[in-house]
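Protein chains in written order, with the working numbering: chain Y, 162 to 769; chain W, 786 to 931.
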Amino acid sequence: MDVKKFLMDYYYGSGVDETVFKRRLSFLIDDVLYNDIKARVQDNRPIIYTWQNLSVTPAESIAMVNSYLGFNMFKNGVNFYFSNPETDSENPVTISEMEKKLDQFGITHEMFVQKSDDREQIERTRKFLNGEVPTNWSLSLQQFMRRTTTPQDDIVYGLLSNMGNYSRVEFTFRSNGSFFIDVRYSVLPSDFFLDEEVNSAYANVQGYTIWAHISGDCEVIFPFDITKVTDIQIRCGWITDGIYYSFNGVNLYGTSPVDVDISNPYGTGGTSGTGGGDGTLGPGGLDDIDPAVIPGLPGISAADLGFITMYNPSVAQLKSLSSFMWSGAFDLATYKKLFSDPMQSIIGLAIVPVAPSTAGSKNVHFGSIDSGISMPYLSTNFVQLDCGSVALEKYVGCFMDNDPYTKISIYLPFVGIRQLSADDVIGGSIHVVYNIDVLTGACACFIEHSTRGVLYSYNGSCITNVPLTSVNFSGAIQNAVSAVGSMIGIAAGVATGAAPITAMSAVGLMTSAANTALNSKPSVQRSGNLGGSAGILSIMKPYVIIERPALSVPSNIQHYAGQTSNITMSLGACRGFTMCEFVHIDGVSATSEEITEIESLLRTGVIL
Amino acid sequence: MTITLYKNLSDKVVVDKDITKIDNDISGTLREGCSIIDPVIKFEGVFDTHLTDANYCYITEFGRYYYINNIVCVGNLFEAHMHVDVLKTYAAGIRSNSAVISRQEHAYNLYLQDGVFKTYSQPHIQVAQFPTGFSDFEFIFSVAGG
Chain Y
162 MDVKKFLMDY YYGSGVDETV FKRRLSFLID DVLYNDIKAR VQDNRPIIYT WQNLSVTPAE
222 SIAMVNSYLG FNMFKNGVNF YFSNPETDSE NPVTISEMEK KLDQFGITHE MFVQKSDDRE
282 QIERTRKFLN GEVPTNWSLS LQQFMRRTTT PQDDIVYGLL SNMGNYSRVE FTFRSNGSFF
342 IDVRYSVLPS DFFLDEEVNS AYANVQGYTI WAHISGDCEV IFPFDITKVT DIQIRCGWIT
402 DGIYYSFNGV NLYGTSPVDV DISNPYGTGG TSGTGGGDGT LGPGGLDDID PAVIPGLPGI
462 SAADLGFITM YNPSVAQLKS LSSFMWSGAF DLATYKKLFS DPMQSIIGLA IVPVAPSTAG
522 SKNVHFGSID SGISMPYLST NFVQLDCGSV ALEKYVGCFM DNDPYTKISI YLPFVGIRQL
582 SADDVIGGSI HVVYNIDVLT GACACFIEHS TRGVLYSYNG SCITNVPLTS VNFSGAIQNA
642 VSAVGSMIGI AAGVATGAAP ITAMSAVGLM TSAANTALNS KPSVQRSGNL GGSAGILSIM
702 KPYVIIERPA LSVPSNIQHY AGQTSNITMS LGACRGFTMC EFVHIDGVSA TSEEITEIES
762 LLRTGVIL
Chain W
786 MTITLYKNLS DKVVVDKDIT KIDNDISGTL REGCSIIDPV IKFEGVFDTH LTDANYCYIT
846 EFGRYYYINN IVCVGNLFEA HMHVDVLKTY AAGIRSNSAV ISRQEHAYNL YLQDGVFKTY
906 SQPHIQVAQF PTGFSDFEFI FSVAGG
């Protein structure tokens, strides 16, 4: 809204150019300040003439009250400022304070202190107000304090001391059936309107006798039947009958009265709103999340107990050990004092896909027999492997970013491919971590969302047993499965997603986990033959497969068919294609057939 | 009765029609019964006007805008078949109402499911690998005691 033009049209009719307006605006403000005077100065008529008509002396009338409405109005019109605060003991505002405020708002201004009876200055003022640009002469005016009528001291001081947050809009009834929207602002009138709507940034419901207010969406809510109001006046100014914008009827520049159902238990605002679907990511945090974190490794280890020792040998060390065991140096008689079979002391030899933590090296002992072959030994049988994170960005910027339109799968080594819910993970990143027991080969795989914590956990086995003899390895495998089951039990308690394991009952957990482990791990026979190392022979790095819909969007589709809205709003506020889901036309003096046709058209879509 | 003829260039679903006035207003007397929703009005002696160029009109007495759906020549008469344009006629009243908007050109939320969307049969397939994975292969040799 061009407020300047509006004011021009309102006061002087349309067709007045801006040059004239600047001059007239000065008088206009004069009207406001002395609101009861109603000065109407014509072209080329000195302002002093008006004052004479008003029976006030030129010395008093020539001045303008500092700040107040004229202050703002002048910002875009005339770049100067009238003030003489230091000569007025009742005005506590100093020039420096005023200048500071003016600078704060980027308003070009000049300060003058001048005697009010300076005829030369009066003449200069007259020249200025008649459109003459000050070049080699300056303009000085004295502040005029009209003490008899208006609380100007308070206004000035209040405005300047609260300039940053002074604006507000108040609605008050008048006895004659109309009401005022009393606008007080410390910004330009043009700032008060935004996109032809009242700028909610300057609407403040704080104040006296508030009969209505403007909410965040510029929705004016009236606690009374607005249809009984005959006119709306937005008054900009302090004094009664200041400058005001007047509107016939109840429309306020595209806004329309809407019945508010105060019996609605959900309130008047509703929950639908705009702001989504423009492709940008939201700030998050709208849902409460107490994320489950990836667990650390157990604090105890089988390697600490002394019953077993786990080594991390090199190939050469294993070859040396093998040579030792099959050589005459191995004292079988001594050994049999403890074991009936030399292989009873060997728990196993396996290949694992991670480097375990070692605590140093020592000779391998079989019972009391020292092999004399030194190997690094493990400090713990648990290892954690962090595979890092992958971001899963939104792509389409609409509902198709979610299930079931976007499908996300993840390949996890030693687990296989699993399906993830796009609702769970899209718009963030997922982090994969394995907790591995190198003794049994059991591994627990955790998928952690960047904000929602661990949403999925799976189990697998990552060990490949190397046969040493024909001893049956089923016992070792079963031990591994048992360890997997225990790990899963922990993981299932942590997981919040749809990981298959979480749905298992405690009773069936072990069996199912065993099957899973046996099916996913390489088949190891007690004969010592390694049937297959599917896990180790597979891809060793996790990856995600994201299947996104390829949208076919015609250009400018919103003009022809709109976009999904589901918002209750005034039809007067709608622009362009509009299709209503529910509408009831009220207050229109049309025939019922016409009303039916209107509602039908609105339901099938119209262009407003 | 006074009829103002227009040429309408807008679609019927447009509330604020793009209309251009044609010729002078036609004044006359309604001699027969006439519906205000679907009026059929016979014009006599309007050969010097551009009635056939018009597809839209306003009838002052009815206070309504009309589409001219068809013009039939009956002897020396032009018989105009009209239908009221409720959108333009009651534009202000319509705008003063509110509604639950299902689809809108500017106020929308794309995270509501929309059956209008179409997709190609070939989806986009993106594969992203994690930065690291299993890379080391180590032997684990376990013995009792030790």
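Don't be surprised by glycine CBs; every beta carbon is placed ideally from N, CA and C.
Nothing here was measured: the structure is a model prediction, and the numbers come from that model.
Checklist entry - Buried or exposed: where does N214 of chain Y fall if 16 or more other Cβ atoms within 10 Å of its Cβ makes it buried? => result By 1-based counting over the first sequence, the position of residue 214 of chain Y is 53. Note that N214 of chain Y scores 29 on pLDDT, short of 50, meaning its location in the model is unreliable and no value can be drawn from it.
Checklist entry - So which residues on chain W does P628 of chain Y lean against when the C-beta distance must stay under 7 Å? => result If you number the first sequence from 1, residue 628 of chain Y lands on position 467. Per Cβ cutoff of 7 Å: no residues; P628 of chain Y is ~13 Å from chain W at best.
Checklist entry - By how many angstroms is the C-alpha of N727 of chain Y removed from the C-alpha of D803 of chain W? => result For this step, residue 803 of chain W is matched to residue 18 along the second sequence. For this step, residue 727 of chain Y is matched to residue 566 along the first sequence. When rounded, the distance between both Cα atoms is 29 Å.
Checklist entry - Any idea which residues DSSP pairs P537 of chain Y with across the strands? => result Within the first sequence, numbered from 1, the residue matching residue 537 of chain Y stands at position 376. Y:S522.
Next on the checklist: One question on the structure: do H866 of chain W and V825 of chain W come within less than 8 Å of each other, judged by their Cβ atoms?
Outcome noted: Translated into the one-based positions of the second sequence, residue 866 of chain W becomes position 81. Translated into the one-based positions of the second sequence, residue 825 of chain W becomes position 40. Yes; because the gap between Cβ atoms is below 8 Å, this pair is in contact.
Item to check | Residues within the segment 855-888 of chain W neighbouring chain Y, beta-carbon criterion of under 7 Å | outcome: For the segment 855-888 of chain W, the residues whose beta carbon sits under 7 Å from a beta carbon of chain Y are, in order, V869, V871, L872, Y875, G878, I879, R880, S881, N882, S883, A884, V885, I886, S887, R888.
Checklist entry - For the segment 895-904 of chain W against the segment 718-735 of chain Y, are there 3 or more C-beta pairs whose distance is under 8 Å? => result They touch, by the three-pair rule.
Checklist entry - What does S726 of chain Y touch in chain W if you count any residue whose Cβ is under 7 Å from its own? => result The residue you call residue 726 of chain Y lines up with position 565 of the first sequence. The answer, in chain order, is I886, S887, R888, Q889, A892, Y893, N894.
Checklist entry - Where does the unbroken beta strand (DSSP E) through M486 of chain Y begin, and where does it stop? => result As a working mapping, residue 486 of chain Y is identified with position 325 in the first sequence. Membership of M486 of chain Y in any beta strand (DSSP E) is not indicated; the residue belongs instead to the alpha helix (DSSP H) covering 476-486.
Checklist entry - Of the choices Y:I571, Y:G460, Y:S488, whose alpha-carbon is the least far from that of A583 of chain Y? => result Here residue 583 of chain Y refers to the residue found at position 422 when the first sequence is read from its first residue. Restricting attention to Y:I571, Y:G460, Y:S488, the CA atom closest to the CA of A583 of chain Y is found in Y:I571.
Next on the checklist: With a threshold of 8 Å on Cβ separation, who are the neighbours of S753 of chain Y within its own chain once the five nearest residues in sequence on each side are excluded?
Outcome noted: Residue mapping note: residue 753 of chain Y aligns to position 592 of the first sequence, counting from 1. Closer than 8 Å at Cβ, skipping near neighbours: no residue.
Checklist entry - Terminal residues of the continuous alpha helix (DSSP H) containing T787 of chain W? => result Position 2 of the second sequence, counted from the start, is the residue given in the question as residue 787 of chain W. Looking at the DSSP string, T787 of chain W is not in any alpha helix (DSSP H); the run it does join, the beta strand (DSSP E), is 787-793.
Checklist entry - Which chain Y residues are close to S920 of chain W, counting only those with a beta carbon under 7 Å from its beta carbon? => result Working through the second sequence from its first residue, we reach residue 920 of chain W at position 135. For S920 of chain W, the chain Y residues whose Cβ falls inside 7 Å of its Cβ are M701, in order along the chain.
Checklist entry - Residues of chain Y with CB under 9 Å from F924 of chain W, in chain order? => result Looking up residue 924 of chain W in the second sequence gives position 139. Those within 9 Å of F924 of chain W in chain Y are Y472, N473, P474, S475, V476, Q478, L479, L510, A511, I512, V513, V627.
Item to check | Beta-carbon neighbours of S713 of chain Y, restricted to chain W and to distances below 9 Å | outcome: As a position in the first sequence, residue 713 of chain Y is number 552, starting the count at 1. The contacting residues are F902, K903, T904, Y905.
Item to check | Helix, strand or coil at E846 of chain W according to DSSP, with G and I counted as helix | outcome: Position 61 of the second sequence, counting from 1, holds the residue named residue 846 of chain W. Three-state result, E846 of chain W: coil.
Checklist entry - Can you check whether the CB of I455 of chain Y is closer than 8 Å to the CB of F607 of chain Y? => result The residue you call residue 607 of chain Y lines up with position 446 of the first sequence. The residue you call residue 455 of chain Y lines up with position 294 of the first sequence. Annotated as proximal: F607 of chain Y and I455 of chain Y, with beta-carbon spacing under 8 Å.
Checklist entry - Residues of chain W with CB under 8 Å from V594 of chain Y, in chain order? => result The count along the first sequence starts at 1 and reaches residue 594 of chain Y at position 433. Within 8 Å Cβ-Cβ: nothing; V594 of chain Y doesn't reach chain W, min ~10 Å.
Next on the checklist: Given a cut-off of 8 Å on the beta-carbon distance, is the pair T917 of chain W and G621 of chain Y in contact?
Outcome noted: On the second sequence, residue 917 of chain W is found 132 positions in, with the first residue counted as 1. On the first sequence, residue 621 of chain Y is found 460 positions in, with the first residue counted as 1. Cβ atoms of T917 of chain W and G621 of chain Y: not closer than 8 Å.
Next on the checklist: According to DSSP, is D796 of chain W part of a helix, a strand, or is it coil?
Outcome noted: Walking along the second sequence from the start, residue 796 of chain W turns up at place 11. Coil at D796 of chain W, not helix or strand.
Checklist entry - How big is the Cα-Cα spacing for H592 of chain Y and F575 of chain Y? => result As a position in the first sequence, residue 592 of chain Y is number 431, starting the count at 1. As a position in the first sequence, residue 575 of chain Y is number 414, starting the count at 1. Distance between the alpha carbons of H592 of chain Y and F575 of chain Y: 17 Å.
Item to check | Boundaries (first-last residue) of the beta strand (DSSP E) holding D808 of chain W | outcome: Taking the first residue of the second sequence as 1, we reach residue 808 of chain W at position 23. Note, D808 of chain W: beta strand (DSSP E), 804-812.
Checklist entry - Cβ of S522 of chain Y within 8 Å of Cβ of S532 of chain Y? => result Mapped onto the first sequence, residue 522 of chain Y falls at position 361. Mapped onto the first sequence, residue 532 of chain Y falls at position 371. Going by C-beta atoms, S522 of chain Y is not nearer than 8 Å to S532 of chain Y.
Item to check | Inter-residue CB distance, V476 of chain Y and I925 of chain W (contact presumed, cutoff 8 Å) | outcome: Numbered from its first residue, the first sequence carries residue 476 of chain Y at position 315. Numbered from its first residue, the second sequence carries residue 925 of chain W at position 140. Not confirmed; about 13 Å, so no contact.
Checklist entry - In three-state DSSP terms, what is A751 of chain Y? => result Locating residue 751 of chain Y in the first sequence gives position 590, counting from the first residue. In this structure, A751 of chain Y counts as coil in the three-state DSSP scheme.
Next on the checklist: Could you check whether the Cβ of G766 of chain Y sits closer than 8 Å to any Cβ belonging to chain W?
Outcome noted: Residue mapping note: residue 766 of chain Y aligns to position 605 of the first sequence, counting from 1. G766 of chain Y counts as touching chain W.
Item to check | V859 of chain W (DSSP reduced to helix, strand or coil) | outcome: As a working note, residue 859 of chain W is residue 74 in the second sequence. DSSP, read as helix, strand or coil, puts V859 of chain W in strand.
Next on the checklist: Any beta carbon of chain W sitting closer than 8 Å to that of G723 of chain Y?
Outcome noted: Along the first sequence, read from residue 1 onward, the residue named residue 723 of chain Y stands at position 562. Yes - at least one Cβ of chain W is within 8 Å of the one on G723 of chain Y.
Next on the checklist: I want to see whether chain W comes within less than 8 Å of E609 of chain Y, judged by CB atoms only; does it?
Outcome noted: As a working mapping, residue 609 of chain Y is identified with position 448 in the first sequence. Cβ-Cβ to chain W under 8 Å: no for E609 of chain Y.
Item to check | D402 of chain Y in three-state terms, based on DSSP | outcome: Start at 1 with the first residue of the first sequence, and residue 402 of chain Y comes out as number 241. For D402 of chain Y, the pLDDT reaches just 29, beneath the cut-off of 50, and the residue's location in the model is therefore unreliable, although a value from the coordinates is still provided. If DSSP states are grouped into helix, strand and coil, D402 of chain Y belongs with coil.
Checklist entry - Rounded to the nearest angstrom, how far is the Cβ of E760 of chain Y from that of I822 of chain W, given a contact under 8 Å? => result Position 599 of the first sequence, counted from the first residue, corresponds to residue 760 of chain Y. Position 37 of the second sequence, counted from the first residue, corresponds to residue 822 of chain W. Taking a contact as a CB-CB distance under 8 Å, the pair E760 of chain Y and I822 of chain W does not count as one, their CB atoms being some 15 Å apart.
Item to check | Any C-beta of chain Y under 8 Å from that of F832 of chain W | outcome: Here the question's residue 832 of chain W lines up with position 47 in the second sequence. So no, F832 of chain W is outside the interface.
Next on the checklist: Measuring only from the beta carbon, is F902 of chain W closer than 7 Å to any heavy atom that is part of the ligand ZN?
Outcome noted: You won't find the ligand ZN in this model; it holds no ligand whatsoever.
Next on the checklist: Taking beta-carbon pairs under 9 Å, can you tell me which members of the segment 788-814 of chain W lie near chain Y?
Outcome noted: Correct list: S795, D796, K797, V798, V799, V800, D801.
Checklist entry - CB T470 of chain Y to CB V928 of chain W, shorter than 8 Å? => result The count along the first sequence starts at 1 and reaches residue 470 of chain Y at position 309. The count along the second sequence starts at 1 and reaches residue 928 of chain W at position 143. It is a contact, given that the beta carbons lie within the stated cut-off.
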